[in-house]
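Colleague: Chains as they are written, first to last, in numbering that gives the first Met the number 0: chain A, 0 to 286; chain B, 0 to 270. Just so you know, even glycine gets a beta-carbon here, dropped at the ideal spot from N, CA and C. If you're wondering where the values come from, they're calculated on a predicted model, not measured in any experiment.
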Amino acid sequence: MAILKTENLTYCYSTGTPFEVTALDNANIEIDDGELVAVIGHTGSGKSTLIQHFNGLLKPTSGKVLVDGKDIWESKASLREARFKVGLCFQYPEYQLFEETSYKDIAFGPKNMKLSEEEIDRRVRKAAEFVGVTDDMLERSPFDLSGGEKRRVAIAGVMAMEPKILILDEPTSGLDPKGRDKILGLIKEYRQETGSTVMIVSHSMEDVAKIATKVLVMNSSKVMSYDTVDETYKRADEIMQMGLDVPQITKIFMGLHEKGFPVRTNIYTVEQGIEEIKRIRGQVNGL
Amino acid sequence: MMKDITIGQYFPGNSVIHRMDPRMKLVLTFLYIIVIFVCKNFYSLGAMVFALVLMVLFSQIPVKTILKSVKPIFIIIVFTAILNVLYTTNGTILFEWKFIHISTGGIYTAVFMVIRIISLVVASSLLTYTTSPTLITDAIERLLSPLKFMRNSVHTIAMMMTIALRFIPTLIEEFDKITSAQKARGADLETGTLVERAKALIPIFIPLFITSFRRAYELAYAMECRCYHGGEGRTRMKQMKLHGFDVVGLVFMVVVTAGVVSLNIVFPHLI
Chain A
0 MAILKTENLT YCYSTGTPFE VTALDNANIE IDDGELVAVI GHTGSGKSTL IQHFNGLLKP
60 TSGKVLVDGK DIWESKASLR EARFKVGLCF QYPEYQLFEE TSYKDIAFGP KNMKLSEEEI
120 DRRVRKAAEF VGVTDDMLER SPFDLSGGEK RRVAIAGVMA MEPKILILDE PTSGLDPKGR
180 DKILGLIKEY RQETGSTVMI VSHSMEDVAK IATKVLVMNS SKVMSYDTVD ETYKRADEIM
240 QMGLDVPQIT KIFMGLHEKG FPVRTNIYTV EQGIEEIKRI RGQVNGL
Chain B
0 MMKDITIGQY FPGNSVIHRM DPRMKLVLTF LYIIVIFVCK NFYSLGAMVF ALVLMVLFSQ
60 IPVKTILKSV KPIFIIIVFT AILNVLYTTN GTILFEWKFI HISTGGIYTA VFMVIRIISL
120 VVASSLLTYT TSPTLITDAI ERLLSPLKFM RNSVHTIAMM MTIALRFIPT LIEEFDKITS
180 AQKARGADLE TGTLVERAKA LIPIFIPLFI TSFRRAYELA YAMECRCYHG GEGRTRMKQM
240 KLHGFDVVGL VFMVVVTAGV VSLNIVFPHL I
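(1) Between which two residues does the alpha helix (DSSP H) holding Ser47(A) run?
(2) Are there three or more Cβ pairs, one per stretch, closer than 8 Å when the segment 58-72 of chain A is compared with the segment 248-258 of chain A?
(3) Verify whether the separation of the beta carbon atoms of Val123(A) and Val152(A) is less than 7 Å.
(4) Helix, strand or coil, according to DSSP, for His100(B) in the structure here?
(5) Please report the Cβ distance between Val200(A) and Leu165(A), rounded to the nearest whole angstrom; I am assuming they are in contact, meaning their Cβ atoms lie under 8 Å.
(6) Inspect the CB distances between the segment 49-63 of chain B and the segment 73-86 of chain B and report whether three or more fall short of 8 Å.
(7) Using a cut-off of 7 Å between C-beta atoms, extract the partners of Val157(A) located in chain B.
(8) Residues of chain B with a CB under 7 Å from the CB of Leu87(A): which are they?
(9) What did DSSP end up calling Met0(B) once you bin it into helix, strand or coil?
(10) Alpha carbon to alpha carbon, how far is Ile201(B) from Val157(A)?
(11) Taking the alpha-carbon positions, what's the Ile350(A) to Asp134(A) distance?
(12) Determine, for Ser211(B), whether the minimum Cβ-Cβ distance to residues of chain A falls below 7 Å.
(13) According to the neighbour-count rule (16 or more other Cβ atoms, all chains shown, within 10 Å of its Cβ), is Glu138(A) buried or exposed?
(14) Could you tell me if Ser43(B) is buried or exposed, where buried requires 16 or more neighbouring beta carbons within 10 angstroms of its beta carbon?
(15) Look at Leu142(B) and Arg233(B) and say whether their C-beta atoms are less than 7 Å apart.
(16) Give the DSSP-derived three-state secondary structure of Phe10(B) in the structure shown.
(17) Kindly indicate if chain A contains any beta-carbon less than 7 Å away from that of Ser68(B).
(18) In chain B, which residues lie with their C-beta within 7 Å of the C-beta of Met223(A)?
(19) Considering only residues of the same chain and omitting the five flanking positions on each side of Gln51(A), which have a CB-CB separation below 8 Å?
(20) One question on the structure: do Thr79(B) and Gly104(B) come within less than 7 Å of each other, judged by their Cβ atoms?
(21) Return helix, strand or coil for Ser77(A), following the three-state DSSP convention.
(22) For Lys84(A) and Val64(A), which I take to be in contact (beta-carbon distance under 8 Å), what is that distance rounded to the nearest angstrom?
(23) At 7 Å on the CB atoms, spell out the chain B contacts of Gly297(A), in chain order.
(24) Just to make sure I have the definition right: I need the residues of chain A whose C-beta is within less than 9 Å of the C-beta of Ala257(B). Which are they?
(25) When the cut-off is 7 Å and only beta carbons count, does Asn265(A) lie next to chain B?
(26) Can you name the residues that DSSP bridges to Asn218(A)?
(27) For Met1(B), count neighbouring C-beta atoms within 10 Å of its own C-beta (all shown protein chains included) and say buried if the count is 16 or more, exposed if not.
(28) Between the beta-carbon of Asn218(A) and the beta-carbon of Gly62(A), is there less than 7 Å?
(29) Closest to Ala215(B) by C-alpha separation, out of Asp187(B), Arg196(B), Arg165(B), would be which residue?
(30) Step through the CB atoms of chain A and report whether any lies within less than 7 Å of the CB of Met0(B).
(31) Smallest Cα separation from Gly248(B): which of Ala183(B), Pro132(B), Ile33(B), Met54(B)?
(32) Gly243(B) lies in the beta strand (DSSP E); which residues open and close that run?
(33) Pull up the distance between the alpha-carbon of Phe49(B) and that of Pro132(B), whole angstroms please.
(34) Report yes if the C-beta distance between Ala159(A) and Pro109(A) is below 7 Å; otherwise report no.
(35) What three-state label does DSSP hand His268(B) in the structure shown?
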């Protein structure tokens, strides 16, 4: 069953003024429970606008957003419910930290959900453990932590709300490769362990390709495609035409294909690449 | 939500008003504001409104945008109008009920005040609509520069103003972003008592302050890296020069002022 669905979702900024812009144009998507969706699209393609509709931060100009089959704009209660069901972690989440200790900051979300003290404590500790925040770090001020640690505390703040759908906007931006891999790894683990649906917004596919199950491609305010990673990369050339980058390994195989080698082009991890080379080894001379 | 504020916004353009010397614009706007308080009757006020309409037309700013600048002070306008209607009792009485007396005099005064406030706001927004914040502060610095004994502080104050104005949109954007982020974590800003709502702002203002401080440091470093050391010996990339149309503008305002003064003398009554 689709956990998240949009029907003809359209959103315009500054309606009724000469500056009116359509940021999202007639989006129809259906996301199944348990998927790990990568949302890709370049700057200004409507990614951020789209995800802010999922937990009701933006009200659609027209169309509907259904979480668990329920229209989130039906009533105040349904909107509040959606806020907690869909956890949204913004870009550079470390800039939203404000509490005296990391523990209190992670507890901010669960506290707003009016949970019991014990439940809050359980959730905070669990989320902290997930993202590798130690007990010692929990007692310290979040402003004394390093950039990567701050980011993980902030992500834990959203995870602690235990949302059914976790959405992360560019969770790896501004991090070094090591920090990036760490964040992506823990997101993958989080999904496997909790079975929740996860969405990662990114403008580079290089890292999300490895962990995603589905890819949602956005281009100039429209949903271009929503498909498995395999299917999406069969059309790697189209994605590149939109000004988006594809993983380096995909580029290599596209080049090989162009040179006349009988390889598939929807290769997006090095492991797949090795397999593919092995597969064609017998067929082509000189390999 | 805060993106709708147009006061103080700049609309780039290439009209005569846009190209006028910002110093002249600043002086003329001041003059206009003073003269509007000199007006004593509808005839002189009419002349001022006419002058303003001419300026708006020349600026090529859409009328809709101009009207938007009046929107934020709508309540003040209504309030002033009501007070004037209620507390002026000369002229013929039109309506009477208990303590409420509505007279022709009251209505005239109310209309007069409303036109006066609207012209005031439109004139000053015309200045900000057609002049970038940097140019305005530059003009202020230049106009105040005869105050030699505090020259350096004039530059410092102007620089501070430029920076403050420059960062207003950035701060608004930041505020909106942090608000969304905290809302996503279930922060409730709309309901609750006054104290609760004030408390709900803490998770927004602390990150906002921290970001601002960080930004201030970064800006200071960047300025130092570019050898900024205050106003002394600093030359300008954009030299301000008075053009023909600046003089025309000045003559225009002088004529309008003279007209207003003579209309005041010819017609001693409000209407």
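Modeller: Taking the geometry as given:
(1) Looking up residue 47(A) in the first sequence gives position 48. Per DSSP, Ser47(A) belongs to the alpha helix (DSSP H) from 46-53.
(2) Output reads no: the segment 248-258 of chain A does not touch the segment 58-72 of chain A.
(3) The sequence position of residue 123(A) within the first sequence is 124, counting from 1. The sequence position of residue 152(A) within the first sequence is 153, counting from 1. Their beta carbons are not under 7 Å apart, which means Val123(A) does not touch Val152(A) by this criterion.
(4) What you label residue 100(B) is simply residue 101 of the second sequence in a count that begins at 1. Looking at His100(B) - three-state DSSP - the assignment turns out to be strand.
(5) Residue numbering aside, residue 200(A) sits at position 201 when the first sequence is read from its first letter. Residue numbering aside, residue 165(A) sits at position 166 when the first sequence is read from its first letter. Rounded, the Cβ-Cβ distance is 12 Å, inconsistent with contact.
(6) Segments in contact, no.
(7) Mapped onto the first sequence, residue 157(A) falls at position 158. Residues of chain B passing the Cβ test: Arg184.
(8) If you number the first sequence from 1, residue 87(A) lands on position 88. The answer, in chain order, is Ala183.
(9) The residue you call residue 0(B) lines up with position 1 of the second sequence. At Met0(B) the pLDDT is 43, less than 50, meaning the model places this residue with poor confidence; the figure from the coordinates comes in the next sentence. Coil at Met0(B), not helix or strand.
(10) By 1-based counting over the second sequence, the position of residue 201(B) is 202. By 1-based counting over the first sequence, the position of residue 157(A) is 158. If I take the Cα positions, the gap works out to 18 Å.
(11) Here chain A covers residues 0 to 286 and nothing more, so residue 350(A) does not appear.
(12) Residue 211(B) sits at position 212 when you count from the first residue of the second sequence. Closer than 7 Å: no.
(13) As a position in the first sequence, residue 138(A) is number 139, starting the count at 1. Answer is exposed; the Cβ neighbour count stays below 16.
(14) Taking the first residue of the second sequence as position 1, residue 43(B) is located at position 44. Answer is buried; the Cβ neighbour count reaches 16.
(15) Taking the second sequence and counting its residues from 1, the one referred to as residue 142(B) is at position 143. Taking the second sequence and counting its residues from 1, the one referred to as residue 233(B) is at position 234. It is not a contact, given that the beta carbons lie outside the stated cut-off.
(16) Residue mapping note: residue 10(B) aligns to position 11 of the second sequence, counting from 1. Annotated three-state conformation of Phe10(B) is coil, per DSSP.
(17) For the purposes of this step, residue 68(B) is taken as residue 69 along the second sequence, with counting starting at 1. Chain A, which has no Cβ nearer than 7 Å to the Cβ of Ser68(B), makes this no.
(18) To locate residue 223(A), count along the first sequence from 1; it is residue 224. By Cβ distance, chain B contributes nothing, its closest Cβ being about 25 Å from Met223(A), past 7 Å.
(19) Taking the first sequence and counting its residues from 1, one reaches residue 51(A) at position 52. For Gln51(A), where only same-chain residues beyond five positions count, the Cβ hits under 8 Å are Leu57, Leu87.
(20) Your numbering for residue 79(B) matches position 80 in the second sequence. Your numbering for residue 104(B) matches position 105 in the second sequence. Contact: no.
(21) The sequence position of residue 77(A) within the first sequence is 78, counting from 1. DSSP places Ser77(A) in helix when its eight states are reduced to three.
(22) If you number the first sequence from 1, residue 84(A) lands on position 85. If you number the first sequence from 1, residue 64(A) lands on position 65. Not confirmed; about 12 Å, so no contact.
(23) Given that chain A is displayed from residue 0 to residue 286, the structure contains no residue 297(A) and the question cannot be resolved.
(24) Position 258 of the second sequence, counted from the start, is the residue given in the question as residue 257(B). By Cβ distance, chain A contributes nothing, its closest Cβ being about 38 Å from Ala257(B), past 9 Å.
(25) Indexing the first sequence from 1 puts residue 265(A) at position 266. For Asn265(A), the answer is no, since every Cβ of chain B falls outside 7 Å of its Cβ.
(26) If you number the first sequence from 1, residue 218(A) lands on position 219. Paired residue(s): Lys221(A).
(27) Position 2 of the second sequence holds residue 1(B). Annotation note: pLDDT 48 at Met1(B) (below 50); position unreliable, no value reported.
(28) Position 219 of the first sequence, counted from the first residue, corresponds to residue 218(A). Position 63 of the first sequence, counted from the first residue, corresponds to residue 62(A). No; because the gap between Cβ atoms is not below 7 Å, this pair is not in contact.
(29) To locate residue 215(B), count along the second sequence from 1; it is residue 216. Cα-wise, what sits closest to Ala215(B) is Arg165(B).
(30) One-based indexing of the second sequence puts residue 0(B) at position 1. Residue placement at Met0(B) is poorly supported in this model, since its pLDDT is 43, which falls under 50; the coordinates still yield a value, given next. Not an interface residue.
(31) Numbered from its first residue, the second sequence carries residue 248(B) at position 249. Closest option to Gly248(B), judged by alpha-carbon separation, among Ala183(B), Pro132(B), Ile33(B), Met54(B): Met54(B).
(32) Translated into the one-based positions of the second sequence, residue 243(B) becomes position 244. Where Gly243(B) is concerned, there is no enclosing beta strand (DSSP E), although the alpha helix (DSSP H) it sits in stretches over 243-265.
(33) The residue you call residue 49(B) lines up with position 50 of the second sequence. The residue you call residue 132(B) lines up with position 133 of the second sequence. The straight-line gap from Cα to Cα measures roughly 27 Å.
(34) Position 160 of the first sequence, counted from the start, is the residue given in the question as residue 159(A). Position 110 of the first sequence, counted from the start, is the residue given in the question as residue 109(A). Contact: yes.
(35) As a working mapping, residue 268(B) is identified with position 269 in the second sequence. Coil, per DSSP.
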